[in-house]
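First the structure, in the form of structure tokens, and then the observations on it.
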Amino acid sequence: MHQQQHAVKERLDRFVRERLEPARERASAPVRVEAWAAPGEPVSFAEAVAQEYAPVEEGHAWGRAWGTVWFRVSGTVPAEWSAGAGEVELAVDPGFVGDGAGFQVEALVFDGSGRALKAIEPKNDYVRLHLAPGASFEVYVEAAANPDVFTSGERYAPTPLGRWETAPDTPIYRLGRIAVVHRDAAVWELVQDVATARGLALELPEGSPRRAELFAALDAMVDAVHPHDVHGTAGAGREALREVLAAPAARSAHKVFAVGHAHIDSAWLWPVRETVRKCARTFANVLELMDEDPELVFACSSAQQFAWIKEHYPELYARIGERVAEGRFVPVGGMWVESDTNMPGSEAMARQFVEGKRFFLEEFGIDTREVWLPDSFGYTGALPQIARAAGAGYFLTQKLSWNEVNRYPHHSFDWEGIDGTRIFAHFPPVDTYNSKLSPQELAHTERNFADKGRENMSLVPFGFGDGGGGPTREMMAAARRAADLEGSPTVRIAPPIEFFEAAEAELASRPVWSGELYLENHRGTYASQARTKRGNRRSEALLHEAELWAATAAVRTGAAYPHELLRSAWRTVLLNQFHDILPGSSIGWVYDQAAKEYAQIEADLEPVIADAVAALGGGGADGFANSGPYEVDGVPAFGAGPRVLDGSVAVSREGGSITVDNGAIVLVLDSDGLITSLVDKATGRETVPPGERGGLLQVFTDTPRHYDAWDVDIEYRRSGRDLVAADDVAVVEDGGDRAVVRVARRFGASAITQTFTVEAGRRAVDVETAVDWHERQHMLKFAFPVDVHTSSARSEIQFGHIERATHTNTSWDEARFETCAHRWVHVAESGWGLGVANDATYGHDVTRHPRAGGGTFSVVRQTLLKSPLFPDPEADQGAHVFRTALVPGGVAEAVRAGYRLNLPLRATTAGAVAPLVRVENPAVVVETVKLAEDGSGDVVVRLYEAHGTRTEAVLDLGFAAASAVETDLLEREVERAAVQGADSGSVSLALRPFQIVTLRLTRA
Ligand SMILES: [Zn+2]
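The numbering of the sequence shown is our numbering, which starts it at 467 and goes up by one.
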């Protein structure tokens, strides 16, 4: 029997290839093609049509990498083509290389009025002309010569294609056939029938009667279609398959909710400007397909992508609006972009939702209820609470199917965040966000679904993605055929919310996953492109400062609050948190642009901060403004005043070693400039384990198996070299309230200069590491052995911290060998330990080791640089500065140090400024002070519990409040959860561990 089926398959496949597929065209006719090459960056339709065009032929070489060529195509539909036998289409092959949609040449077709008709992509290379025989037409095709960065030449080889300046300026494409064609509708439908019947048969068990009858019907189909008259006999072929394709699905068949989608990376192997055009192309495809197919529902996740279309393609945007109103073009997710979630700071993660949801509310009146992040590289344990606070109860990703080692046990479950908030989460078991709804993918979905027995439904996002493209008519045909088909899951095209509501209702008692959703892959993304990471961290801090001081000045002096400037800066920061930008996995062009944008944010916000602080003080007195939530050196939190350092610093030298004592700590550096001792005087505890040395720079070769910028493989640890030898160890400041020791080292062609700064009375050592880096595929880490015996480390994440095992007991612990932290990592033994804080570093690893004298000690390492070669061969080259603070004590000290490093005091001559708000309890941290988004002038304060403990606090107000209400992240009033009482001068609060509270304070 198997032999028989194999013979049918061979006969069928040749028949399809040689007879059916070519017969999808009944006839074709030539057209006239003329071209104009845009000299540089893309131009508008109006500008393009006004140019001089020159005739070109098939085979014409066109398009330097990243260039644009406009083709004007004109012709006449032959009069002899009979109307009704099929459709008249323009087939366009701009020079496709293989069939990878979104990673090579793409085009958008406009009619003479500038209306975007449809895109041209591999496997979707036509535009319907809606013309009768004899009619003439003229259209414009904007063809983008996007190079294939990913697969050109050797995969992952360093490529010059990632920047306009380094990419070759010679043509990279050759024009293929452009012709007007008469499509044979019956043959096309037959090809789709065969794809479903054949694909399904191959997924069924070999002995199954269903498989046998499908093969028998396919065999009969080949008999029924005459090879020399396919057009005349296609109907008979369809008839041969009609009965097997009409057999209904089993009662227990898995239920697929198919959602049209296009995962368009907002930048990746193309610059942001190309994504604007990718969105236009994809959305034009979607609208065209919706016109033809009333069943299509398309989910679109990023407010930023809608905003681009609104700005650059208003005609397209108006049509999108109509489909949104019908519920077919469905905004989902409610974030500004599909951001990374490991690295965005607390407020930025909140603002992804605030900006995204507000856009959808203002533009369409839609309050999205799901988090849609199919592709981001792991998910922070803070996300459930942030999502709920933004009004979202559902979460979707499929990225965790990329885990290298462990398989998550569920596809549908409750995900519980660090504070205990739960949301309903779904991992589509199809294991892709670019499904074609093929029988293979549908069968995989059913087989793979981990929650069978409890539940029997899943979501499948379908449509070409990554580089865009979206759903095609072939996918819709596949969905229709699988709607109710024996042997297949059932398929229903629906918006995501229908799936979430149905699945939540069916799965009454849900399994729970607690904590972060760590991705056992792409661990290098916490470090690649360090300059962009610094730009992100710095911009987040500047936005915090600008909002704080502008709000304070608005309340105190009546100064105007720069709403528009702040919103624009936020949107830039949020865009650059996209899951291929901030993680470091894009081409160089993207990072050159990000650097310019971060510089612009600084240029825009520094004057806002300076002007507001100046307006606030009485003037005339030198002092410092403190933008952080904790007092620093006598300067009040959120206020300004003189800085007072307590006591003095003593430096002594003995042999080659240098000892620095500031009253709170004693630091000893040896002749190599390494830390041999760091004693915390409050407790008398030594931080450095016996025989170990801290502050050690280590270099590792970093040549992952795949994906340079994305990945760190565990094998890196075998290659470590300690940078022990120093060129110079010198005390460069010694006296009064501060001592500074400078250590200079070299590695390869790179130079590293570190300064260790100890200030009077401060329980910390501040280390500044200036690196001039000229290595490639080398990772630079900064290591601190800590004399504590512990099996876990705490890392700051958004609005709290997460505890992760430092042992490797389970395969889950072992696979988590590189982790992300925000401003600090802390290891401790019953509350006392060392915090290692940073001002721009995210990648860390924490391990435990046998200790001389018994027990274990811990090693905390920061990952400073990674310098991958692909996709940006220039990644991480040049100058960097990293600031680290070593802080003995508990979590409270680490939290405080994290803010001190990231919101350093600013010198000002404004004199004293009293804070707008104040909290005494160090566990309750005011993260944000701003004016309300609605322009009402209300003061909004966002705070959270930072130590992981239940606590009470009073928020003292530096202004008179008429009312205080709790709100969600969008500043909409919600039921009280933390406020215990309020009067015009204060709000009393009770918080649970890591609770986030947003307060809206109306001024009296
Ligand atoms: Zn992506």
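Ideal Cβ positions, reconstructed from N, Cα and C, are used throughout, including at glycine.
Contact set for residue i: own chain, Cβ-Cβ below 7 Å, skip 5 residues either direction
i            : result
residue 747  : 572, 574, 585, 934
residue 589  : 565, 567, 938
residue 1008 : 1067, 1068, 1071
residue 1098 : 1092, 1366, 1371
residue 1054 : 628, 629, 1338, 1340
Residue range of the beta strand (DSSP E) that includes residue i
i            : result
residue 1354 : 1344 to 1355
residue 1315 : 1309 to 1316
residue 461  : The chain is shown from 467 up to 1470; residue 461 falls before or after that span and cannot be answered.
residue 1201 : 1194 to 1201
residue 494  : 491 to 496
residue 1554 : Residue 1554 lies beyond the residue range present for the chain, which begins at 467 and ends at 1470; the question has no answer from this structure.
residue 536  : 534 to 542
residue 1089 : 1089 to 1091
residue 1111 : That residue, residue 1111, is in no beta strand (DSSP E); it is neither H nor E in DSSP.
residue 1142 : 1141 to 1146
residue 1044 : Looking at the DSSP string, residue 1044 is not in any beta strand (DSSP E), and its letter there is neither H nor E.
Candidates the options, of which the one nearest residue i by Cα
i            : options               : result
residue 666  : 1355, 654, 680        : 680
residue 615  : 1445, 633, 509        : 633
residue 639  : 1013, 613, 1276, 875  : 613
residue 1369 : 1346, 1304, 1412      : 1304
residue 1187 : 1226, 1246, 1140, 653 : 1246
residue 1118 : 1207, 1156, 1056      : 1207
residue 1347 : 1401, 1327, 1001, 889 : 1001
residue 641  : 849, 1102, 563        : 563
residue 1353 : 957, 1036, 1225, 1211 : 1225
residue 958  : 1318, 926, 543        : 926
residue 1192 : 845, 478, 1135, 1127  : 1135
residue 683  : 1190, 475, 1081       : 475
residue 1011 : 1095, 953, 1058       : 1095
Start-to-end residues for the alpha helix (DSSP H) that takes in residue i
i            : result
residue 1064 : 1054 to 1082
residue 1040 : 1029 to 1041
residue 677  : 675 to 690
residue 1247 : Segment 1244 to 1252 is the beta strand (DSSP E) holding residue 1247; no alpha helix (DSSP H) there.
residue 1009 : 996 to 1023
residue 962  : 962 to 972
residue 1266 : First-last for residue 1266: 1266 to 1271, but that is the beta strand (DSSP E), not the alpha helix (DSSP H).
residue 698  : 696 to 712
residue 1461 : Unbroken run through residue 1461: none, as it is neither H nor E.
residue 867  : Run containing residue 867: none; DSSP gives neither H nor E here.
Inter-residue spacing [alpha-carbon to alpha-carbon] between residue i and residue j
i            : j            : result
residue 1029 : residue 1434 : 20 Å
residue 1443 : residue 1432 : 8 Å
residue 577  : residue 583  : 7 Å
residue 827  : residue 728  : 22 Å
residue 734  : residue 688  : 45 Å
residue 1336 : residue 624  : 5 Å
residue 1314 : residue 1222 : 25 Å
residue 1236 : residue 1210 : 10 Å
residue 981  : residue 889  : 12 Å
residue 814  : residue 1040 : 7 Å
residue 1409 : residue 920  : 39 Å
residue 1185 : residue 635  : 40 Å
Contacting residues, own chain, Cβ-Cβ under 6 Å from residue i (five flanking each side not counted)
i            : result
residue 1084 : 1377
residue 1274 : 1280
residue 1297 : 1356
residue 408  : Because the chain is modelled from 467 through 1470, residue 408 falls outside the range shown and cannot be assessed.
residue 732  : 741, 803, 1044
residue 979  : 879, 881
Residues of its chain near residue i, where Cβ-Cβ distance is below 8 Å and the 5 sequence neighbours each way are ignored
i            : result
residue 1284 : 989, 990, 992, 1178, 1309, 1310, 1311, 1329
residue 1086 : 1375, 1377
Subject >> Contiguous alpha helix (DSSP H) assignments of at least 4 residues, all confined to the segment 726 to 778 >> reply: 738 to 758, 769 to 778
**OP:** Just list the beta strand (DSSP E) runs in the segment 1347 to 1406, keeping only unbroken ones of 3 residues or longer that don't cross its boundaries, in chain order.
**Re:** 1372 to 1374, 1383 to 1385, 1390 to 1397
**OP:** Could you pull out every unbroken beta strand (DSSP E) segment of at least 3 residues lying fully inside the segment 792 to 851, listed in chain order?
**Re:** 795 to 801, 836 to 838
Subject >> In chain order, each beta strand (DSSP E) run of at least 3 residues that lies wholly inside the segment 589 to 625 >> reply: 592 to 594, 602 to 610
**OP:** May I have a chain-ordered list of the beta strand (DSSP E) segments no shorter than 3 residues that lie completely inside the segment 889 to 944?
**Re:** 923 to 928
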